[in-house]
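In the working numbering, the protein residues as written are 1 to 150. For every residue, glycine included, the Cβ atom is placed at its ideal position computed from N, Cα and C. None of the values given here were measured: they were computed from a predicted structure. This report concerns only the one structure given below.
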Amino acid sequence: MTDLNHFGPIEYIVVEFPDGALTPEGFEQLLVLVDSGTIRILDLEFVVKLPSGHAVIVDAGGLSTENFDATVFGGASSHLLDVDDLALIAEDIGEGSLAAVLVYEELTLLPAIEAWTTRGATIITEGHLDLDGLATILTNTADTAQEIQE
């Protein structure tokens, strides 16, 4: 087990299933990532949007289908979502939709982080760029490079 004084980057992702049915392939790949030591699941919660517009957490066990046993993820819920999180999710998903909310630790960088910090380095900040933000940065960089060349 990893030293609890060191953590890899913590990320989250919310995946919407518009028809309310989970598809097994992504969850099978999630298990592969956990088993290979690539990520550690810190929280996995399933949320549905009610006709009232509110989002509520549902038990993984009730989501199993003929092709997918969702109970495998029943112990992965750490109950990190609060009322504000549910309100934000409700804004983003359609009525009757199901969302999987995954909070995970990225373990691939952990050996480098541990090596740095055990030698006295300090991680002063970490962050996340979404694809739109990255595209904007790259566009601005390209525009600046073009201006410099002219």
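Terminal residues of the beta strand (DSSP E) in which residue i lies
i    : result
L102 : L98 to E106
E45  : I39 to K49
I124 : Here I124 belongs to no beta strand (DSSP E), and DSSP marks it neither H nor E.
E16  : I10 to F17
For residue j and residue i, the rounded distance between their alpha carbons
i    : j    : result
I39  : S78  : 16 angstroms
V15  : I123 : 30 angstroms
V34  : I41  : 7 angstroms
L63  : E25  : 15 angstroms
D59  : V101 : 13 angstroms
T144 : F7   : 36 angstroms
L22  : D130 : 24 angstroms
A128 : E91  : The sequence given here places His at residue 128; Ala does not occur at that position. Each residue's Cα considered, the two are about 22 angstroms apart.
W116 : S36  : 23 angstroms
E95  : L110 : 39 angstroms
Residue i (DSSP reduced to helix, strand or coil)
i   : result
I89 : helix
A55 : strand
F73 : helix
Range of the contiguous alpha helix (DSSP H) that encloses residue i
i    : result
F27  : P24 to D35
E114 : L110 to T118
Checklist line | Cβ pair count under 8 angstroms reaching 3, the segment 62-76 against the segment 132-140 | finding: no
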